[in-house]
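Accompanying notes for the structure given below.
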Amino acid sequence: MNSNFIEKKYGRTTKKDRELRYAKTNERIAKILSRLYAGELLSMKELSVEFGVNLRTIQRDVNERLIEFPIKKSGDTFSLKWLEQVETSFTKEEIAVIELLEEMSSKQGMEFYSKAHKLLKKIKSTTYNPFYAKLDMEDIGDKLFITTKLESAIKQKRVVECNYKMADKNYEIEIKPLKIANFEGFWYLIAIDGRNEIVKKYLLRNISNIIIKDETFIVSDELDERVKNAVNVWFDANSKPFEVRLFISNEVAKYFKVKPICKNQSIEGEDSDGSIEVVLKITHEMEIIPIIKYWLPHIRVLEPLWLDEMIKKDLTSYLSN
């Protein structure tokens with residue numbers, strides 16, 4: 001008997017069929033979300049015609065797949081609740097924040113910006129934007145739906161199953177998502193590997209086919225604190241933090257006062273000429289070495305000595321070549 005006939009008769013599907021169906025569902029949900037955040041009032045009947053699916057599928061989208069969103073339903077139509085609550089008048093400070101958010105969103109790529117711009121346009125009343133933000137960030141506009149699902153899983157501390165692309169191969173992984181972070185312009189998901197409980201960093205652009213499981217997990221205060229104090233992509237949440245003491249000259253001290261290297265940085269002393277001594281904790285030497293090299297000769301390592309020697313060795317090697 002023909003195998004295709006057997007599959008159709010008994011409702012069986014191949015892995016390729018399931019992946020295709022999942023991709024179409026994700027695309028449909030992403031488009032619906034985009035229109036909701038643009039302030040549209042949507043009709044389930046019209047959407048079923050537009051996407052070429054039956055009405056039950058759209059109803060399942062609204063009632064199950066979008067259950068985490070503040071949706072207001074009225075018969076066949078639905079919209080976002082909170083859009084009704086947005087105030088039409090703003091203070092100067094609030095207008096400034098909105099303008100800055102729009103400028104920042106323009107650095108996320110055109111697809112993301114087109115969605116954010118429609119939303120911000122609805123809640124701002126100014127015509128002039130005095131802000132310019134140079135943020136060279138990776139475009140994740142096409143990952144908006146996946147990012148939203150991950151955010152939901154993080155808030156609920158729910159285990160996630162997904163596909164991860166690495167070296168042109170796709171792997172099925174189970175992870176415990178902790179944070180979505182941007183390091184040096186690239187977006188990462190910081191998560192615990194379900195196989196070995198090791199904290200890893202996954203490139204957001206390589207994650208697909210997300211399934212949020214019912215299983216929950218607990219994050220210790222210590223681990224949460226380590227993740228929050230990450231300086232850059234080199235941080236290692238599996239390692240015990242160690243202390244670094246730096247001398248910063250008066251020429252650049254003001255920058256480190258206004259924008260600390262990390263959240264746990266503290267100023268331990270200040271000389272009469274304005275130079276300062278700061279202390280911070282990191283988990284990997286490469287969290288701080290690039291920063292020190294960038295600010296040379298205005299910054300110097302006081303402790304630990306092995307870190308100072310490592311930097312001097314790098315500089316000697318560079319100059320000798």
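Residue numbers for the sequence shown, in the UniProt record's numbering: 1 to 321. Note that CB positions come from ideal geometry on N, CA and C, so glycine has one too.
For the alpha helix (DSSP H) holding residue i, just list the boundary residues, first then last.
i, result
"R21", "K15 to Y37"
"A153", "L144 to Q156"
"I311", "L305 to S320"
"P290", "I289 to W295"
"G237", "One detail in the question is off: residue 237 reads as Ala in this sequence, not Gly. Segment: none, A237 is in no alpha helix (DSSP H) and carries neither H nor E."
"V258", "A253 to V258"
Name the DSSP beta bridge partners of residue i, please?
i, result
"K201", "I190"
"T57", "For T57, which the question treats as bridged, DSSP gives no partner whatsoever."
"G269", "E277"
"residue 322", "Outside the shown range of the chain (1 to 321) lies residue 322, about which nothing can therefore be said."
"E161", "E174 and I211"
Comparing C-alpha positions only, which one of the options sits nearest to residue i?
i, options, result
"L280", "N321, V231 and M310", "V231"
"R65", "V244, G39, I261 and I29", "I29"
"K169", "N206, V199 and F183", "N206"
"R21", "T57, T147 and A38", "T57"
"F242", "S317, K149, P304 and V53", "P304"
"D193", "E172, I311 and S34", "E172"
"D308", "G274, R245, K259 and V252", "R245"
"G141", "Q156, S317, E225 and K31", "K31"
"K201", "I289, F183 and S266", "F183"
"N209", "K149, V233 and T216", "K149"
"L80", "A38, R60, L55 and K45", "A38"
"K165", "M137, A153, L203 and E174", "L203"
"G274", "F217, V252 and I291", "V252"
"N229", "I282, E277 and F145", "I282"
State the Cα-Cα distance for the pair residue i and residue j, rounded to the nearest angstrom.
i, j, result
"L319", "E287", "23 Å"
"L315", "Y188", "31 Å"
"C162", "D271", "53 Å"
"V227", "F186", "17 Å"
"K176", "R158", "7 Å"
"D221", "N264", "15 Å"
"V86", "L36", "With a pLDDT of only 48 at V86, under the threshold of 50, the placement of this residue in the model should not be trusted, and no figure is reported."
"D214", "A181", "24 Å"
"H284", "I198", "16 Å"
"V219", "I212", "17 Å"
"K73", "L42", "10 Å"
"A23", "T147", "15 Å"
"C262", "L296", "19 Å"
"S249", "K257", "12 Å"
"H298", "F235", "24 Å"
"R300", "P260", "16 Å"
"Y255", "S239", "29 Å"
"A237", "N196", "14 Å"
"K293", "D224", "29 Å"
"L178", "M310", "32 Å"
"K143", "K15", "23 Å"
"I267", "K313", "27 Å"
"V53", "E27", "13 Å"
"Q59", "A191", "32 Å"
"E19", "I71", "28 Å"
"E68", "D61", "11 Å"
"F247", "L33", "50 Å"
"V49", "V233", "45 Å"
"L302", "N321", "27 Å"
"S152", "S317", "48 Å"
Helix, strand or coil for residue i, going by three-state DSSP, please let me know.
i, result
"M137", "coil"
"S48", "helix"
"N63", "helix"
"K263", "coil"
"R195", "coil"
"N229", "coil"
"L302", "strand"
"E285", "helix"
"S223", "According to the sequence provided, residue 223 is Leu. The question's Ser does not apply to it. Three-state result, L223: helix."
Looking at the unbroken beta strand (DSSP E) that takes in residue i, where does it start and where does it end?
i, result
"F217", "F217 -> no beta strand (DSSP E), and no H or E assigned at all."
"K72", "I71 to S74"
"K179", "K169 to F183"
"F242", "F242 to I248"
"F78", "T77 to L80"
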